[in-house]
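**Student:** In the numbering used here, the protein residues as written are 745 to 939.
Here you go:
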């Protein structure tokens with residue numbers, strides 16, 4: 745079974761593209777969603793995050809996302825330490841999930857494949873891109889955040905140019921119909937590659 749990584753910067757539309765693959769009956773694993781679930785469910789992760797960030801890390805046993813976000817975006821060391829706690833758990837969860845799949849290929853959506861030098865874990869990598877203004881507007885609509893915070897996140901992420909260089913496929917996600925066509929073409933290509 746082929747493991748296809750799906751990545752892209754904030755607001756590029758990774759989840760939209762992932763949903764399109766799901767509509768084609770392809771199993772999709774969204775690493776960020778699983779990480780959030782594990783951060784709330786796992787007692788081990790909770791204990792370690794409280795040790796790292798203090799008691800404010802959780803409110804009524806739920807992850808205090810705004811507090812954590814403010815910590816990790818102003819301090820890269822915090823982000824790295826948090827990733828070192830959460831990512832191994834997500835990786836073993838993914839392995840268990842993967843063993844249950846039976847389709848020709850699966851999609852694993854992860855925002856920081858290249859930033860973490862995890863390219864070798866995938867057979868192919870798709871990068872989703874969109875123009876910067878479009879991305880900022882999407883995130884402003886989606887999240888309760890400011891333009892300044894989004895631009896800070898964009899600065900922290902690898903550039904599209906760099907991601908494209910290291911990817912096998914690129915999906916340009918500025919127009920939904922065109923994106924759907926690109927996903928369909930790529931789906932057929934991946935099925936051929938599997939055979």
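All C-beta atoms, glycine included, are put in the ideal place defined by N, C-alpha and C. From a predicted model like this one, the values you see are computed outputs, not experimental measurements.
Using the Cβ count rule (16 or more neighbours within 10 Å means buried), how would you classify residue 926?
**Tutor:** When all chains shown are included, residue 926 counts as buried.
**Student:** Provide the residue span of the alpha helix (DSSP H) that contains residue 811, from first to last.
**Tutor:** Counting along the chain, the alpha helix (DSSP H) containing residue 811 begins and ends at 809 to 818.
**Student:** Rounding to the nearest angstrom, what Cα-Cα distance links residue 782 and residue 794 in this structure?
**Tutor:** Spanning the two alpha carbons is a distance of roughly 14 angstroms.
**Student:** Comparing alpha-carbon positions, which option in 901, 857, 905 and 931 lies nearest residue 817?
**Tutor:** Measuring from the Cα of residue 817, the nearest candidate turns out to be 901.
**Student:** By the DSSP assignment, the beta strand (DSSP E) with residue 858 in it spans what residues?
**Tutor:** Looking at the DSSP string, residue 858 is not in any beta strand (DSSP E), and its letter there is neither H nor E.
**Student:** Going by C-alpha distance, which of 873, 821 and 861 is nearest residue 905?
**Tutor:** Considering only alpha carbons, the answer is 873.
**Student:** Going by C-alpha to C-alpha distance, which of 909, 779, 883 and 835 sits closest to residue 865?
**Tutor:** The shortest Cα separation from residue 865 among 909, 779, 883 and 835 belongs to 835.
**Student:** Would the beta-carbon of residue 833 fall within 7 angstroms of that of residue 822?
**Tutor:** Against a cut-off of 7 angstroms, the Cβ pair of residue 822 and residue 833 comes out as no contact.
**Student:** Please list, in chain order, all residues of the same chain as residue 895 whose beta carbon is under 8 angstroms from its beta carbon, the five residues on each side excluded.
**Tutor:** Here the set comprises 880.
**Student:** Whole angstroms is fine: what's the gap from residue 911's alpha carbon to residue 804's?
**Tutor:** The straight-line gap from Cα to Cα measures roughly 41 angstroms.
**Student:** Identify which residue in 829, 776, 771 and 775 has its Cα closest to the Cα of residue 787.
**Tutor:** Answer by Cα proximity: 829.
**Student:** Report the option in 813, 852 and 779 whose CA atom is closest to the CA atom of residue 893.
**Tutor:** Closest option to residue 893, Cα to Cα, is 813.
**Student:** Anyone know if the C-beta pair for residue 913 and residue 851 falls short of 7 angstroms?
**Tutor:** No.
**Student:** For residue 903, count neighbouring C-beta atoms within 10 Å of its own C-beta (all shown protein chains included) and say buried if the count is 16 or more, exposed if not.
**Tutor:** Its Cβ having fewer than 16 others within 10 Å, residue 903 is exposed.
**Student:** Checking the sheet assignment: what are the DSSP bridge partners for residue 913?
**Tutor:** 870.
**Student:** Which value, in whole angstroms, describes the spacing of the CA atoms of residue 768 and residue 798?
**Tutor:** Near 43 angstroms, if we compare the C-alpha coordinates of residue 798 and residue 768.
**Student:** Can you name, in chain order, every residue of its own chain whose Cβ lies under 8 angstroms from the Cβ of residue 770, other than the five neighbours on each side?
**Tutor:** For residue 770, where only same-chain residues beyond five positions count, the Cβ hits under 8 angstroms are 847, 849, 850, 851 and 931.
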